[in-house]
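Visitor:
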Amino acid sequence: MRQLFTPFKTISSRSLYLALALCMTGLFACAGDNKRPYTTTTEDPALADTNLVLPKGFVATTFADAVGKTRHIAVADNGVVYVKLARLKDGKGIIRLQDANGDGRSDQSSGFGSFPGTGMIVRKGYLYASSDTEVFRYQLDANNNVIDPGKPEKIITGLIERGEHEAKAFTLDYAGNVYVNIGAYSNACQVQDRTKGSPGMKPCPILDSAGGIWQFKADKLNQTYGDGVRYATGLRNVVGLDWNTATNSLFVMQHGRDQLSSLFPDMFDNKQSAELPAECMYELHKGSNCGWPYIYYDQFQHRKILAPEFGGDGKKTAGEDAQDPVVAFPGHLAPNGLLFYSGNQFPERYKNGAFIAFHGSWNRAPEPQKGFLVAFVPFKNGKPSGDWEVFADNFSGSPEATASGRAKYRPCGLAQGPDGSLYVTDDTKGRIWKISYQK
Amino acid sequence: MQVKSIGAVLTGGLFALAFTLMSQTKKPAAKPAAAKMGPVQVKGGMQASLDRGKQVYLQQCLACHQADAGGVSGMNPPLIKTKWVLGDKTTLVQIVLKGLTGEIEVDGDTYHNVMAPHSELSDQEIADVLTYVRNNFGNKASAVTAAEVKAIRAKTH
């Protein structure tokens with residue numbers, strides 16, 4: 006394997022001690038190449054209420070601030086940025102941003118779109134956006150400006166939304182298809198959701214219309230379930246997903262199930278429940294089944310385990326027909342953004358690798374919360390070529406804020422700019438960072 | 054564990070719907086009544102109820118509402134100085150007994166995670182945990198007694 010680590014001689018002893026101290030507190034994830042030190046970047050001092058912690062050579066600028074509850078983000082090939090809001094701001098659900106003077110910060114902002122939601126992608130002359138039940142697209146002109154902001158084409162409609170896992174995150178391939186997450190409106194498909202003693206339903210009726218990824222055409226209007234294909238099933242909820250151009254396949258990040266110890270205190274203690282199950286990355290193909298709700302993935306046993314609602318005891322394996330994950334992360338970190346890096350700005354080891362925005366946990370309580378970071382997984386030949394690692398950290402503001410879950414910022418959406426910079430959104434206060442490599 | 058019938062589930066859903074509709078027109082009283090902490094009402098005295106209530110909170114509530122009762126943005130509502138916690142005891146006891154589904158609004162923010170029914174808790178446990186929540190996390194409101202929970206449970210279907 007190539008040398009992945011910065012040679013120690015280039016590290017100041019101070020930052021090394023800091024990294025070690027953070028690791029020892031147990032509050033910072035130190036998986037993967039945990040010997041790699043991190044440096045604190047300097048942002049605009051006026052905005053530096055939390056400094057992101059990044060690998061050596063990377064810097065973050067606050068591209069925009071207080072934009073709204075910014076979810077997914079798209080950057081067009083001329084640098085125009087579109088970001089989707091989970092809640093309307095001044096009646097608008099999509100914000101257009103632009104850094105016209107090239108100082109790394111947006112200096113133009115305008116809004117349109119009357120629906121809140123999560124999904125946002127620019128592809129082949131169109132801006133695509135989703136509400137919690139529909140997907141729309143807006144035609145773009147040669148400068149990537151929306152031609153008629155008041156009249157989007159409705160391409161997908163009538164998707165189930167029952168107040169749980171409602172975000173219709175989506176991505177597109179390069180062959181004219183849209184892949185939409187329809188999250189399960191349930192934790193583990195119990196007769197009574199999240200209720201102790203309520204058994205799992207087998208077969209799980211939710212899977213007919215949710216708990217998977219549906220494929221639709223990008224250019225056909227008013228499609229609904231009958232027009233689409235259930236591309237993959239057995240996925241509880243997916244918010245982060247991306248089409249990997251290196252493999253020409255769909256990758257998704259599943260939000261794993263909650264509440265093992267509160268629903269099954271005789272089988273799981275709070276520490277186990279905080280770590281289990283893994284938050285999983287899957288590579289999907291038509292017909293993929295990832296096993297929810299019948300199984301979950303245990304990253305310590307490296308096995309698919311029968312869910313306790315279906316007769317499991319934390320040890321019995323099951324799901325022989327279900328896929329194994331490509332990468333298994335610690336539990337409950339809430340992956341909300343996934344991006345395969347195809348740019349040339351970052352060092353070579355980042356090429357074709359995966360960035361994951363972890364929104365941060367709540368279901369680890371009473372154990373310390375975790376997440377609020379952007380992770381990276383190096384890929385080679387379409388497979389992970391090393392352990393996952395923390396790429397950008399300290400969105401929460403402090404180890405204490407991470408542990409309590411009272412994070413200042415929570416990473417959500419990811420996008421790659423035309424210059425190879427990485428954009429990260431926060432859906433708490435609406436800050437958008439632009440992360441660049443300056444060697 | 055006993056399995057709830059579909060009827061019970063429907064009833065729960067209808068209750069939650071009715072409750073949601075009701076809450077849009079009739080908000081729980083904003084001002085909490087002055088705390089009444091008479092040892093006659095509260096089994097073993099106020100402190101004993103708070104101590105027992107804390108244990109119930111740790112086991113039943115903390116996983117979602119969090120250690121500081123601040124909840125989880127967009128999912129699990131906070132229990133700090135809200136009308137829901139400090140207001141009408143009947144509403145509060147019924148939420149514990151029947152759970153809650155559908156979006157609710159607390160202090161201008163909306164929350165939509167499912168809260169399971171906790172009718173398996175005893176009258177005393179519900180009284181204790183609600184007394185604990187109403188007198189912690191910056192809250193100050195009257196104690197809830199087991200007798201009150203019993204009476205509300207009898208009228209709650």
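Going line by line, the protein sequences match chains E and R.
Mind the numbering: the first sequence is residues 6 to 444 in our numbering, read in order.
Mind the numbering: the second sequence is residues 54 to 210 in our numbering, read in order.
Every residue, glycine too, gets a C-beta built ideally from N, C-alpha and C.
(1) Ignore the nearest five residues each way along the sequence and tell me which others in residue 291 of chain E's own chain have a CB closer than 6 Å to its CB.
(2) So, for residue 347 of chain E: in the same chain, excluding its five sequence neighbours on each side, which residues have a beta-carbon less than 8 Å away from its beta-carbon?
(3) Three-state secondary structure (DSSP) at residue 106 of chain R?
(4) Can you pull out the residues from the segment 236-265 of chain E whose beta carbon lies closer than 8 Å to at least one beta carbon of chain R?
(5) Any C-beta of chain R within less than 8 Å: which residues of the segment 328-357 of chain E qualify?
(6) List the residues of chain E whose Cβ lies closer than 8 Å to the Cβ of residue 116 of chain R, in chain order.
(7) Nearest CA to the CA of residue 434 of chain E: which residue from E:80, E:417 and E:86?
(8) CA-CA distance, residue 374 of chain E and residue 409 of chain E?
(9) Note the first and the last residue of the continuous beta strand (DSSP E) segment covering residue 441 of chain E.
(10) Leaving out five residues before and five after residue 68 of chain E in sequence, what residues of the same chain have Cβ atoms less than 8 Å from its Cβ?
(11) With H, G and I counted as helix, E and B as strand and the rest as coil, what does DSSP make of residue 91 of chain R?
(12) Given that a residue counts as buried once 16 or more other Cβ atoms are within 10 Å of its Cβ, and exposed if not, what is residue 161 of chain E?
(13) Terminal residues of the continuous beta strand (DSSP E) containing residue 4 of chain E?
(14) Do you know offhand how far residue 121 of chain E's Cα is from residue 104 of chain R's?
(15) Suppose you measure from the CA of residue 219 of chain E to the CA of residue 272 of chain E; what does that come to, to the nearest Å?
(16) Taking DSSP as the reference, what is the three-state secondary structure of residue 273 of chain E?
(17) So that I know if they touch, is there some Cβ in chain R lying closer than 8 Å to that of residue 168 of chain E?
(18) In whole angstroms, what is the alpha-carbon distance linking residue 206 of chain E and residue 200 of chain E?
(19) Could you name the residues that DSSP lists as bridge partners for residue 235 of chain E?
(20) Does the count of Cβ pairs from the segment 171-182 of chain E and the segment 141-155 of chain E closer than 8 Å reach three?
(21) Rounded to whole angstroms, how far is the Cβ of residue 261 of chain E from the Cβ of residue 362 of chain E, which I believe are closer than 8 Å?
(22) At what residue ranges does the segment 135-166 of chain R contain a whole run of the alpha helix (DSSP H), taking only runs of 4 or more?
(23) Helix, strand or coil for residue 105 of chain E, going by three-state DSSP, please let me know.
(24) One question on the structure: do residue 394 of chain E and residue 381 of chain E come within less than 8 Å of each other, judged by their Cβ atoms?
(25) Looking at the C-beta of residue 430 of chain E, does it have a partner C-beta in chain R at a distance below 8 Å?
(26) Tell me which residue opens and which closes the alpha helix (DSSP H) that residue 247 of chain E is part of.
(27) Using a Cβ cut-off of 8 Å (strictly closer), state whether residue 111 of chain R contacts chain E.
(28) Going along the segment 127-157 of chain R in order, which residues come within less than 9 Å of chain E, judged by CB to CB distance?
(29) Identify the continuous beta strand (DSSP E) that holds residue 118 of chain R and give its terminal residues.
(30) Do residue 326 of chain E and residue 294 of chain E have their C-beta atoms within less than 8 Å of each other?
(31) If you compare alpha carbons, which of E:171, E:83, E:203 and E:183 is closest to residue 147 of chain E?
(32) With distances taken Cα to Cα, identify the nearest neighbour of residue 339 of chain E among E:79, E:134 and E:280.
Guide: Reading off the structure:
(1) 236
(2) 250, 251, 356, 357 and 421
(3) helix
(4) 264
(5) none
(6) 264, 266, 267, 368, 370 and 371
(7) E:417
(8) 6 Å
(9) 437-442
(10) 86, 102, 104, 109, 110, 111, 428, 437, 438 and 439
(11) Unreliable placement is indicated for residue 91 of chain R, whose pLDDT of 44 sits below 50; the coordinate value is still reported in the next sentence. Looking at residue 91 of chain R - three-state DSSP - the assignment turns out to be coil, as it is neither helix nor strand.
(12) buried
(13) This structure does not reach residue 4 of chain E, given that chain E is present from 6 up to 444, and the question cannot be answered.
(14) 44 Å
(15) 35 Å
(16) coil
(17) yes
(18) 13 Å
(19) E:219
(20) no
(21) Not confirmed; about 16 Å, so no contact.
(22) 136-139 and 142-151
(23) coil
(24) yes
(25) no
(26) That residue, residue 247 of chain E, is in no alpha helix (DSSP H); its beta strand (DSSP E) goes 243-249.
(27) yes
(28) 127, 128, 129, 152, 154, 155 and 156
(29) Per DSSP, residue 118 of chain R belongs to no beta strand (DSSP E); it is in the alpha helix (DSSP H), 115-118.
(30) yes
(31) E:83
(32) E:280
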